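To start, the structure under review is shown below, and the notes come after it.
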Amino acid sequence: MTTRIAAGLLVIALLAAGCGSVPPPPPGVSVDPVAVRPQEAQDVTSAPPAAAEQCDREASLPPDPLPAPGMMPPGSTMAAIAARGRLVVGVDQNTYGFGYRDPATGRIEGFDIDIAREIARAIFGDPDRIDLQVVDARDRETALMSGQVDLIVRTYSITCERKRSVDFSTVYFVANQRILAHRGSRIDTADDLSGRRVCAVTGTTSLSNLFAMDPRPVLVGVTTWTDCLVMLQQNQVDAISTDDAVLAGLVEQDPTVEISGSSLAVEPYGVGVGKDHEDLVRFVNAVLDRIRLDGTWNRLYDRWLRGLGPSPGPPAATYGGP
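Residue numbers (mature numbering (1 follows the signal peptide of the UniProt record, and there is no 0)): -21 to -1, 1 to 301.
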């Protein structure tokens, strides 16, 4: 074998050995995980607006006789809505069971939505003559006062403070504020919330009730209840506290959490109406009276809220004023 051939074979052997070798791994990089908060989440350190003087918060105007669809009294708020061709209603799209966007259809559905549709049915004879506008909880009064919407049907708790700015129908649902936390967390009472990070939606009575606790939890305000659920899942908060009706929808989305404890506050829901539209308040109350009496309320409960247990029946109406 010549020297040249031997050298060539040696090069080939070295190349073959190199092809079978494994390159050393790149140096490791250590990056600390970053907890990303939902947009607009903020620590709540200042008190919400002070509560108004006491009032009979559940009392509303007595209903007028309910006119036939398409036969609204001339000059009434309902006649103006009929002439427009649509009832404009402020709703939620993030509260499962009450107002949420169905991912399969893209439609906003739920108990609140069907209450609004019954009001549209009473005006037009057609529940689909309705324009649903998504409104954040903190913007409900503004939407009514500005005329952006005719009504708010959005788990809207009636309070004396809110009645200074807007009017309400009679109560169509009664909820209780409770606690939602991870199973086994042993967070069951108001005292257990002391020093804990608790999430609630800005502009709700739930947040005001939590702020008034003594001792007070560490509060985080967000835009939607699904934001609260995300923060709980990522251990950015220890608990959520709001109406049991809302919390039940979160449990449907995440079976690793549970509702616990007794009622922290009673929350009666009403349909919000702008001031200076007393005829519309009386009309809505007439519609609510009808759906209490003809079984519609129970039918809607069974469709959307069976997870809360057997139907308690519609809450009785309380009337006051002229």
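We put the CB at the ideal spot given by N, CA and C, even for glycine. Values in this document were obtained by computation on a predicted structure and should not be read as measured data.
query, result
"Output yes or no for whether 7 Å exceeds the beta carbon distance between residue 306 and Val67.", "The chain is shown from -21 up to 301; residue 306 falls before or after that span and cannot be answered."
"Would you tell me roughly how many angstroms separate the C-alpha atoms of Asp233 and Asp93, rounded to the nearest one?", "25 Å"
"Is the CB-CB distance between Val250 and Ser125 below 7 Å?", "no"
"In the DSSP output, which residue or residues are listed as bridge partners for Glu88?", "Tyr79"
"So, does the stretch 128 to 141 touch the stretch 55 to 73, judging by three or more C-beta pairs under 8 Å?", "yes"
"Kindly identify the DSSP beta-bridge partner or partners of Ser241.", "Answer by DSSP bridge pairing: none, since Ser241 is not bridged."
"Apart from the five residues just before and just after His256, which ones in its own chain have a Cβ nearer than 6 Å to its Cβ?", "Thr56"
"Can you give, in chain order, each stretch of the alpha helix (DSSP H) that sits fully within the stretch 104 to 150 and has at least 4 residues?", "119 to 124"
"Considering Cα atoms alone, identify which of Ser290, Ala20, Asp273 is closest to Gly182.", "Ala20"
"Which of the three DSSP states is assigned to Thr183 in this structure?", "coil"
"Whole angstroms are fine: how far does the CA of Val177 sit from the CA of Asp217?", "6 Å"
"Quick one: what's got a C-beta closer than 6 Å to Ala244's C-beta in the same chain, skipping five residues either side?", "Gln156, Asn188"
"Mark Ala(-6) as exposed unless 16 or more other C-beta atoms lie within 10 angstroms of its C-beta, in which case mark it buried.", "Confidence at Ala(-6) is low in this model, with a pLDDT of 49, below 50, so its placement is unreliable and the value that follows should be read with caution. When all chains shown are included, Ala(-6) counts as exposed."
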